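Residue numbers (this note's numbering), protein chains in the order written: chain A, 1 to 300; chain B, 1001 to 1096; chain C, 2001 to 2369. Beta carbons: idealized from backbone N, C-alpha and C, even for Gly. What you are looking at is a predicted structure, and each value in this text was computed from that prediction instead of being measured. First comes the structure, then the notes that go with it.
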Amino acid sequence: MKLSSLTRPELRRRLKEEGIGLSIGPFNTNLSSSLSVVADGLEQLYGAFTLTGDADFIDFRISLNSPPGLRRWFRPQVNFSFDGFLPFKPLPQVQAFAMFEWGLNWCIANNAHQYLIIHAAVIERNGVVCILPGTPGSGKSTLCAALVCKGWRLLSDEMALVSTETGEIYPVPRPVSLKNQSINIIQQYSSGAVMGDVVMDTAKGTVSHMRPPQSSVEQSEKPGTPGLIVFPKYTAGAEPNLVPLTQANALMKVAENSFNYSVLGLQGFEVLGELVSKCACYEFSYQSLDEAKETLESLI
Amino acid sequence: MGSSPAFYNSTLGSLHSCCWGGQCVIFHVESGDTHLLSEVDFNVLQSMKSKPMSAEGLSLEFEHLFGGRAGQYISILLSNLVALGLVEIVNTEPAN
Amino acid sequence: MPPKSILVRFLSDSIEEELVADTRACELLLRQARSANLLSRVAVLCDEKDLTSRLPQRMQNHLQSARAVAEANHRSVKWEAKQIELALLADDIPFCLLKGGAYVVGQSVAAKGRVFSDVDILVPREFLEKTEQLLIRKGWMCTNFDSYDQRYYRTWMHELPPLQHMKRGTTLDVHHAIIPPTARIKSDIKKIWENVHKVDNYKVLYIPDNKDLILHSAVHLFCDGELENGLRDLSDLDLLLRDFSANDDFSVNDDFWAALLARSVELNLQRPLFYALRYTHALLKTPVPAKFLTVSKQGSPGILAAKGMDFLFYRALAPDHITCTDRWTGLARWMLFVRSHWLKMPPLQLAQHLARKGYKRWKKRHASV
């Protein structure tokens, strides 16, 4: 049963009481909150996701609620709680849904070391998975959102989960996080892009999330075989420029962009070695999304 | 004591490597550090694994690659490798 | 005694079949173990009981992840020990690893799945300043510039303010005693140094004697007040006591117990040992022979006081999780926090210190990581 099958009052009731359990890629997540901004975000962006059953094993129990006391009413705040542990300071309540997204990223990055986790967007076309590692500012999320609007499968906008056993990439398709100008850029690029609420004045600027394509969500249990690693760099005025990277250089760069490379030690090194061995690796500067799409599609 | 030659030894725990076309990435298990080296530099490192070597000994062994400049190259390489913690200086004669 | 949590039952009993049959019980164990910083230990123990492959796949994934964390932790502390030795060798300063670091480098049973965030070492008091200089020369730096905190650590406590390595980011606590000089219990640290063991393949690294490892853990748990990891420390004690007290043929080694009790008298640590034996036996079913439990009561604060401490410790030693708390738990933790400071410093300093620090400490527990 999908989240979209719940009526609005039922969604809000469950969210407040027993919490809403969602199957998000490999992770069953139970979210509870009494805040309407969280309910809105779920309704807008998580409709295609499957609800967990009552007896299902839950991996992450998360709640987003106001701290007790005055901050419930005066400049209201929200706390992110991971089963009773508060990893972050409170944020303004209006950012509660964005906090859920950031917080869930944190939960996965810190608790899923059965994978090597690369900070990257991950997309797939014609059976080939393309990993787009990137530091903030590289434009990877914008590029990812654009390609996904034009038919590429979304595996993740934030983290590549590499199985330490098989080397396959496991999907965690979720709303794509977009910032500042990227929000308008994507809305103009594709009329089919569905955005959640826009939230201003966050630590990352103005933020919104794009709904993941239904077909990507429906393929959440289908891992993919990596074939391409591309380090994108959005550069204003740049002609599309694809520069091949040696495997050795690619390994060093991917390691720097991995959340848990140091946790996995030798196993992490071996997994990355295998990964770059079977991928074509590039650095890619671009300005135009259409040109970027054309270039990447020519590599598949 | 003062003027005995310095020998270099790279058996500082285990090193694992992946090499492609002239470049090697090595992983030092104990420290968790990862390094990018040229394949030549990696071969120099490997030659110190089974027994300590002196700078002169290494220059001789790799002379065919560097010609007259081997001594200078090896000297700089050794000090870089020591700084990276991949090689240690042992001030003793190797057993013959 | 409040009802035992599933985590405590896992550590003290055989509940394998219950976990295999009941997904919810399994998930509850995961949640409590995470909160108590014991998930990695649970992972190792599940492997030892041949239980892991019979658990739900999701649980296996979490255990695999937790195992990786502990292994990374252990590699890191071994490397740190080596780097610290390289720094202190300049002046041949002997140093002793304590707690988690000692378990891992000393390869003790309490290393199983043990995770910890800081490395703790002990150096002789006369080398404390020199140690700090040598460490700073090799890349460690002082993290705390608050003059009150500097005075707190250096003058009143038994350690330097925490040092952090500028490249590796690891934290190092340098102690010169295991109890603060201002504390009400007085124990002679020189006696610990007399019984340390040198670690193979190191030149100036030592580990305390087995009995002293137990007594230090007991002091840290029952007097230092850091109960966030209370159950983890209690589990360490349970593993150490079981291991050291068993002969090769699994019969009970009476000599060990007698020697442990005698050593507690010698070090003036009968009170913490009394609590250690009482609570490991009551909560984790550590097989302390009855006659030695009786002898350990010489360290008891008295029947009524002991009952009062039971009320506090049974709650404070439970996992810090919503499924393990009752309405007294918060109060119990707070009272033990105050008590630990009462034990560490004279009344006037205590009042000043609590006024400054008590609030900050609770805020810190829930601030960003």
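With DSSP collapsed to three states, give me the class of M1 of chain A. DSSP, read as helix, strand or coil, puts M1 of chain A in coil.
If you measure between the beta carbons of L228 of chain A and I131 of chain A, is that distance less than 8 Å? Less than 8 Å divides the Cβ of L228 of chain A from the Cβ of I131 of chain A.
Quickly, what does DSSP pair Y2206 of chain C with across the bridge? List them, please. Per DSSP, the beta bridge partners of Y2206 of chain C are C:C2096, C:K2198.
Looking at the unbroken beta strand (DSSP E) that takes in N2268 of chain C, where does it start and where does it end? Neither: N2268 of chain C is in no beta strand (DSSP E) and is coded neither H nor E.
State the Cα-Cα distance for the pair A2332 of chain C and L2317 of chain C, rounded to the nearest angstrom. Rounded to the nearest whole angstrom, the CA to CA distance from A2332 of chain C to L2317 of chain C is 10 Å.
Using the C-alpha atoms, what's the distance from L2135 of chain C back to L1078 of chain B? L1078 of chain B and L2135 of chain C have their alpha carbons spaced roughly 25 Å apart.
Beta carbon proximity, L104 of chain A to chain C, threshold 8 Å: No, L104 of chain A lies away from the interface with chain C (no Cβ there is under 8 Å from its Cβ).
When DSSP labels each residue in this structure, what does Q2164 of chain C get in the three-state scheme? DSSP places Q2164 of chain C in strand when its eight states are reduced to three.
Does any C-beta atom of chain B lie closer than 8 Å to the C-beta of W2079 of chain C? Judged by the 8 Å Cβ criterion, W2079 of chain C is in contact with chain B.
Could you tell me which of C:S2187, C:P2208, C:L2350 sits nearest to N2195 of chain C, measuring between CA atoms? Here the closest residue by C-alpha is C:P2208.
Which full runs of the alpha helix (DSSP H) of 4+ residues lie inside the segment 2053–2139 of chain C, going along the chain? Within the segment 2053–2139 of chain C, the runs of alpha helix (DSSP H) at least 4 residues long that lie entirely inside it are, in chain order, 2057–2088, 2099–2105, 2128–2137.
So, does the CB of S1004 of chain B fall closer than 8 Å to a CB anywhere in chain C? Residue placement at S1004 of chain B cannot be trusted, given a pLDDT of 46 that sits under 50; the coordinates are not used to answer.
Residue range of the alpha helix (DSSP H) that includes V2020 of chain C: Segment 2016–2021, the alpha helix (DSSP H) holding V2020 of chain C.
Distance cutoff 8 Å, beta carbons only. Does F85 of chain A sit that close to anything in chain C? Yes, F85 of chain A lies at the interface with chain C (some Cβ there is under 8 Å from its Cβ).
Considering only C-alpha positions, which residue in the set C:F2337, C:Q2083, C:W2193, C:T2052 is nearest to D2224 of chain C? If we check each option's Cα against that of D2224 of chain C, C:F2337 comes out closest.
How about V2044 of chain C and R2058 of chain C: do their beta carbons lie closer than 8 Å? In this structure, the beta-carbon distance from V2044 of chain C to R2058 of chain C does not fall below 8 Å.
Do the segment 3–19 of chain A and the segment 34–50 of chain A touch if we need at least three Cβ pairs shorter than 8 Å? Yes, the segment 3–19 of chain A is in contact with the segment 34–50 of chain A.
Identify whether L1086 of chain B lies in helix, strand or coil by the three-state DSSP scheme. L1086 of chain B: coil per DSSP, three-state reduction.
Where DSSP assigns a beta bridge to T225 of chain A, which residues make up the other side? Looking at the DSSP assignment, T225 of chain A forms a beta bridge with A:V128.
What are the residues of the segment 265–299 of chain A that lie near chain B, defined by any Cβ-Cβ distance shorter than 7 Å? Correct list: G265, L266, F269, G273.
Status (buried if at least 16 other CB within 10 Å, exposed otherwise) for H1064 of chain B: Exposed: under 16 other Cβ atoms inside 10 Å.
Can you name the residues of chain C whose CB is closer than 7 Å to the CB of S262 of chain A? Chain order gives the chain C residues near S262 of chain A as A2072, where near means a beta carbon separation below 7 Å.
Please report whether the beta-carbon of G1085 of chain B lies at a distance below 8 Å from any beta-carbon of chain A. No - not a single Cβ of chain A is within 8 Å of the one on G1085 of chain B.
Among C:C2026, C:F2256, C:S2251, C:D2149, nearest to E2159 of chain C - alpha-carbon criterion: For E2159 of chain C, the closest of C:C2026, C:F2256, C:S2251, C:D2149 by C-alpha to C-alpha distance is C:D2149.
Kindly say whether R2075 of chain C, judged by its beta-carbon, lies nearer than 8 Å to any beta-carbon of chain B. At a cut-off of 8 Å between C-beta atoms, R2075 of chain C counts as an interface residue with respect to chain B.
Just to confirm before moving on: does the CB-CB distance between V230 of chain A and V254 of chain A stay below 8 Å? Result no, Cβ atoms of V230 of chain A and V254 of chain A do not sit closer than 8 Å.
Just to confirm before moving on: does the CB-CB distance between F49 of chain A and L3 of chain A stay below 8 Å? Against a cut-off of 8 Å, the Cβ pair of L3 of chain A and F49 of chain A comes out as a contact.
F57 of chain A versus chain C: which residues are under 9 Å apart at the beta carbon? Those within 9 Å of F57 of chain A in chain C are T2023, R2024, C2026, E2027, L2030, P2056, Q2057, R2058, M2059.
Quick one: give me the first and last residue of the beta strand (DSSP E) that S34 of chain A is part of. It is not in any beta strand (DSSP E) - S34 of chain A carries neither H nor E in the DSSP assignment.
Extent of the continuous beta strand (DSSP E) to which E283 of chain A belongs: Annotation for E283 of chain A: the continuous beta strand (DSSP E) segment containing it runs 280–286.
Less than 8 Å between the beta carbons of A39 of chain A and L64 of chain A, yes or no? The answer is no: Cβ separation not under 8 Å.
Is the CB-CB distance between I2084 of chain C and I2121 of chain C below 8 Å? The answer is yes: Cβ separation under 8 Å.
Kindly say whether N111 of chain A, judged by its beta-carbon, lies nearer than 8 Å to any beta-carbon of chain C. Judged by the 8 Å Cβ criterion, N111 of chain A is in contact with chain C.
Starting from F88 of chain A, follow the alpha helix (DSSP H) in both directions and report where the run begins and ends. Per DSSP, F88 of chain A belongs to no alpha helix (DSSP H) and is neither H nor E.
Listing by chain order, which chain C residues have their CB less than 7 Å from the CB of Q114 of chain A? Residues of chain C whose Cβ lies closer than 7 Å to the Cβ of Q114 of chain A are, in chain order, N2061, Q2064, S2065.
Using beta carbons (cut-off 8 Å, strictly below), is S1169 of chain B in contact with chain C? The requested residue 1169 of chain B is not part of the displayed model; chain B covers only 1001 to 1096.
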